[in-house]
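Mapping to the UniProt record's numbering: the sequence shown position 406 is 406, numbers consecutive. Don't be surprised by glycine CBs; every beta carbon is placed ideally from N, CA and C. Here the structure is a predicted model, which is why all the values come from computation and not from measurement. Here's the structure we're looking at; comments come further down.
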Amino acid sequence: MDESVAKKWGVGSYNCFMILTAALNGGLIQIEKDNPDYNPVAEKSKKKIPDPVATAAANAKRRELEEAFRELVWKDEDRAAMLADIYNRKLNRVAPRAYSGDYLSLPGMSPDIQLRKHQRDAVARIIQDGEGTLIAHTVGAGKTFTGITAMHELKRLGRARKPMIVVPNNLTEQWAADYLKLYPDAKLLVLTDAAAKSPDSVRRFWGQAASGDWDAVIVGFSRFEKLQMSYGAQKAALTARIDELEESRLMELEDGAGEKDFSVKQIEGVRDKFKSKLQSLEKRNASKTLEGATFEEVGCDAIFVDEAHYFKNLAVSGGSVPGMQTSDAAKCEDLLMKCEYLRDNGRGNNIVFATGTPVTNTMAELYNMQRYLSPNLLDSQGVSNFSAWAKTFGEVTETLEPKPEGGGLDIKRRFARFQNLPELMSSFHCYSDIMTADDLDLDLPELESHAVAVPATPEQLAEVEALVERGEKVHAGCDPSMDNMLKITGDGRKVALDPKLLYLEDDPDMEPLSGGKVDECVRNILDIRDRTEGERGAQLVFVDSSTPASGRWNIQDDVRRRLIEAGVPESEIACVTDAKGKSKLKEALYEKVRSGDIRILLGSTTTLGTGTNVQTRLAAIHDLDCPWRPSDLEQRLGRIVRQGNTFDHVHDFRYVSTGTFDSYLYSIVERKQRFISQVFTNKSPVRTMDDLDETVLSLAQMKQIAEGDPTVAERMDVENKIGQLKLMMASHLEGLADVQHKIETQYRPLVEALTAQRDMLADDEIPFAEADLVRQQTLGSKDSFLTVGGTHIADKEEAIRALRRAAYGVRPGCEEIIGTYRGLSVVCRRQHVLDDDWLPYIGLAVDAAKHVHMSDRVFPSGEKGAFTVLTQMDRIIARDAKGPAEIELKLREAQHALADAQKAAKEPFPKQTELDEAEQRLAVLEQERIEAEAQRQREQAQRAEAEAAAIEEGV
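Structure follows, in structure tokens:
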């Protein structure tokens with residue numbers, strides 16, 4: 001390989017072929033180096049450690065190589081047409097069907113209820129679809145009635161014998177009530193709190209489920225998970241997962257990963273967990289401790305899963321691809337196993353999921369949803385493996401970044417963007433019935449959003465400064481178990497609410513914050529309460545970062561206290577936790593909100609989100625903190641922007657403590673929500689879009705917040721970029737030094753040696769060529785062509801005996817001419833080989849003083865094999881007759897390699913311009929910072945002078 005090629009596309013020992021293999025297979029590039037602190041005695045000391053600088057350089061080469069490969073692939077028109085045809089046949093050949101439910105008669109349904117068109121169409125889709133169906137209707141679109149109707153119709157039409165409806169634990173009785181409202185004569189079996197009060201009662205319930213003829217069996221998430229598959233089914237599923245993970249592990253190794261690489265270890269960890277599960281299962285089966293009814297025995301042949309996004313954390317086997325969970329979530333694996341069981345028994349089209357938020361955080365979650373519902377489509381598109389799916393629909397990038405926990409640099413792999421979005425969403429629409437608020441003419445109240453900016457108090461600003469200092473320590477390196485950026489971000493959320501939350505253990509008597517956003521929230525609650533007194537308007541207050549569940553002082557109780565002190569009757573205020581998780585108590589609490597008896601209800605997104613139907617009198621909601629995911633914001637809004645609200649105009653107050661982390665966190669979540677919304681509503685015509693998966697603030701963002709300087713983040717980004725480029729330049733210079741070393745130790749010495757050899761053999765070329773010509777012309781001749789002791793001996797046997805005597809007559813360690821052969825001198829060299837033996841080796845020469853063309857075989861000492869000496873000498877002639885020409889060719893190749901290496905050794909850093917521009921930009925930013933600081937000091941001095949003058953005048 002040319003040194004320029006090796007230098008251009010490789011990094012040290014990680015050559016271009018290895019990088020190309022990783023690029024083509026989507027493999028992980030991770031380079032290691034010797035650990036300078038390696039201690040062979042220490043238990044956890046590692047001989048090799050990751051080399052982030054070399055890894056970053058290799059990944060940069062990889063991106064360049066991928067781009068060059070792309071250009072090459074699409075350059076040829078015929079090849080481009082062929083590839084486009086393959087892509088279209090695999091991924092662009094499906095068009096989502098349109099379904100109409102106008103034909104449905106829906107016998108048995110209450111005449112008092114009429115389904116809307118989108119609900120009837122979704123029911124028709126479930127009945128007609130060949131695979132599973134996702135009802136992705138917006139919050140408040142009536143998914144409950146859609147699911148009930150679909151399951152009832154599957155039963156009526158004979159498609160299902162025993163449908164099972166799986167819902168959040170607190171919604172089982174609500175679903176049963178809605179079912180009977182829709183189908184008054186339905187025969188239902190519901191696993192209520194009373195039915196689940198003891199193991200015996202649960203066993204009786206499943207016995208009833210198995211033996212009875214039910215229109216539907218309604219159970220909560222947790223009980224559904226405990227209804228296990230049979231031993232054989234579990235064993236088969238676990239074995240299949242182990243085999244799948246082992247295949248993924250081998251693929252990682254084939255793609256260039258090492259046995260100790262993180263991606264391989266991660267897959268092995270998940271695989272070993274499944275092995276442990278399999279061993280545990282086998283032990284329980286052997287000891288007869290597998291008790292209770294099984295999913296197969298119950299006879300369920302159709303399932304409807306409400307709020308299906310709770311099952312998104314299905315483990316994937318693509319260890320080197322980010323964006324998805326690689327550890328197994330038991331409830332998700334259990335659901336997948338049951339879905340696969342139904343599919344294997346021809347009931348794959350009886351699997352229905354429903355959620356208003358099919359994507360909660362990243363578009364990669366669509367892959368898992370399709371694994372549950374439409375795996376055959378994944379197979380037909382060749383993307384059943386997550387690595388293949390991610391490579392087709394996403395672009396994974398590697399960047400060199402400070403470790404989140406501090407202490408150096410690390411390679412961060414992430415979905416930089418999603419690509420081929422039209423095809424991705426076309427596939428999604430094949431199994432999903434999507435309805436957004438824009439698609440439906442729902443009778444919804446008009447929402448007025450209020451961004452309530454509350455200046456941070458001095459106490460909060462001091463805590464933000466302390467958080468920044470912690471961030472700098474983390475950035476410099478500290479024990480991640482003691483502190484890290486995730487902890488700091490979480491504490492930043494608390495500071496925005498009330499710094500007291502940081503000191504609940506150290507200073508439990510610390511006074512709550514005055515003048516913060518909690519005070520502002522209370523003022524707005526009181527204002528809305530007064531304005532809606534006649535309608536008995538209700539309000540919800542969401543706080544995720546501080547709840548009564550902690551058992552300590554918390555924001556929800558503090559808001560309640562402040563409201564009571566402001567004159568609100570205690571009976572009008574409640575926390576969801578007052579119901580202590582009991583569904584009947586919660587429903588009674590919700591009924592009081594709907595009736596207007598309770599006018600202020602506090603809770604978190606989890607406790608006040610899914611299943612909280614209290615919209616009747618809701619006038620406002622208050623977001624006291626920012627949730628982690630965009631789906632949480634949507635769930636909050638879904639409580640108030642909902643059909644059945646008697647208010648035509650409602651309010652959403654979002655409180656932001658300026659100068660704290662609030663604004664950044666809201667912007668991150670809202671950008672994610674916009675991205676997801678654009679894709680799902682088809683409002684974005686683009687084929688690619690950046691993915692947003694970060695909810696942890698960086699040090700740059702923290703400093704920008706603390707200093708109030710909008711250039712801080714840019715300055716730190718530029719500094720980080722300069723640092724990365726300088727590390728890449730160091731890798732480049734190291735590569736140049738390596739090339740120069742090769743020039744001095746390999747390329748130049750080889751050229752010199754070949755030149756000397758060519759010059760030395762220049763006089764041998766013609767004599768050897770003539771000898772070879774004679775050899776070819778006398779093939780088969782009985783003449784020995786040997787002259788020994790000045791006498792030509794024609795007889796071969798006699799000539800060889802004479803030659804052997806002469807050879808063994810040469811003194812040990814000496815070299816002598818002992819005859820001639822085909823016009824060339826026969827030279828014998830006695831060499832010390834083993835013990836005391838000095839064995840003779842034969843060679844040929846034109847001028848023995850200059851160079852002897854030696855054989856590598858010993859002259860036989862006896863008669864046996866003696867004739868091989870002539871063969872050896874003929875081979876020397878045949879071989880070395882071409883020698884000078886071959887050496888000349890090797891010399892030209894070596895000279896070319898030397899020139900190529902010398903050129904590579906002078907190659908400039910390819911990103912020098914980018915580095916120069918970044919350094920220039922940093923200089924401009926630094927100058928602006930200095931000028932801004934000088935201006936601030938001047939203004940401060942002017943204010944001080946003015947204040948002093950005012951005081952003096954007053955005196």
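- Burial state of D439 is exposed, judged by a 10 Å Cβ sphere holding fewer than 16 other Cβ atoms.
- For Y655, the enclosing beta strand (DSSP E) starts and ends at 649-658.
- DSSP places F393 in the helix class (H, G or I) of the three-state scheme.
- Measuring C-alpha to C-alpha distances from K487 to each of A437, G534, H853, F661 identifies F661 as the nearest.
- Closest by C-alpha distance to G883, out of S781, M760, C16, is M760.
- The residues M164, L189, A209, in chain order, have a CB closer than 6 Å to that of V217 in the same chain once the five nearest residues on each side in sequence are set aside.
- In the DSSP assignment, I113 falls outside any alpha helix (DSSP H) and carries neither an H nor an E.
- Under the three-state reduction of DSSP, T646 is assigned to coil, being neither helix nor strand.
- Put simply, the backbone Cα of C430 is about 14 Å away from that of D121.
- DSSP places F353 outside any alpha helix (DSSP H); the residue lies instead in the beta strand (DSSP E), whose first and last residues are 351-354.
- Look at the segment 556-609 and you find these whole runs of beta strand (DSSP E), each 3 residues long or longer: 573-575, 600-603.
- Following the DSSP letters along the chain, one finds V614 in no beta strand (DSSP E), marked with neither H nor E.
- When L442, A451, P499 are compared, the shortest CA-CA separation from A466 is found for P499.
- Here Q724 is buried. Its C-beta has 16 or more other C-beta atoms within 10 Å.
- Between the alpha carbons of L773 and A730 lies a gap of roughly 58 Å.
- Closest in C-alpha terms to K890, from the list Q757, L779, Q228, comes Q757.
- By the criterion of at least three beta-carbon pairs nearer than 8 Å, the segment 264-281 is not in contact with the segment 182-202.
- H741 counts as exposed, since fewer than 16 other beta carbons sit within 10 angstroms of its beta carbon.
- DSSP places V123 in the helix class (H, G or I) of the three-state scheme.
- Contact between the segment 231-239 and the segment 167-176 is absent, with fewer than three C-beta pairs closer than 8 Å.
- Under the DSSP assignment, P52 falls in the alpha helix (DSSP H) whose first and last residues are 52-75.
- With contacts defined as CB atoms closer than 9 Å, N376 and G346 fail to qualify as a contacting pair.
- By the C-beta density criterion, T172 is buried, having at least 16 other C-beta atoms within 10 angstroms.
- Taking a contact to require three or more Cβ pairs closer than 8 Å, the segment 441-452 and the segment 630-647 qualify as touching.
- Beta-carbon to beta-carbon, T658 and P627 are separated by about 19 Å, too far to satisfy the 8 Å threshold.
- Spatial neighbours of R552 in its own chain (CB-CB distance under 6 Å, excluding positions within 5 residues in sequence) are listed in chain order as L504.
- For H649, the CB contacts under 7 Å within the same chain, skipping 5 residues up- and downstream, are P445, E446, E448 in chain order.
- Excluding five sequence positions before and after D334, the CB atoms of its chain that fall closer than 7 Å to its own CB belong to E225, given in chain order.
- Pairing G609 with D632 gives a Cβ-Cβ distance under 9 Å.
- In the DSSP assignment, L786 falls outside any alpha helix (DSSP H) and within the unbroken beta strand (DSSP E) covering 786-788.
- P840 carries a strand assignment under DSSP once its states are collapsed to helix, strand and coil.
- Around the CB of C814, fewer than 16 other CB atoms lie within 10 Å, so the residue is classed as exposed.
- For F304, the enclosing beta strand (DSSP E) starts and ends at 302-305.
- Counting the other CB atoms within 10 Å of its CB gives S248 a total of 16 or more, which places it among the buried residues.
- Membership of H137 in the beta strand (DSSP E) is indicated by the continuous run 133-137.
- Taken atom to atom, the span from the alpha-carbon of V11 to that of D652 is near 55 Å.
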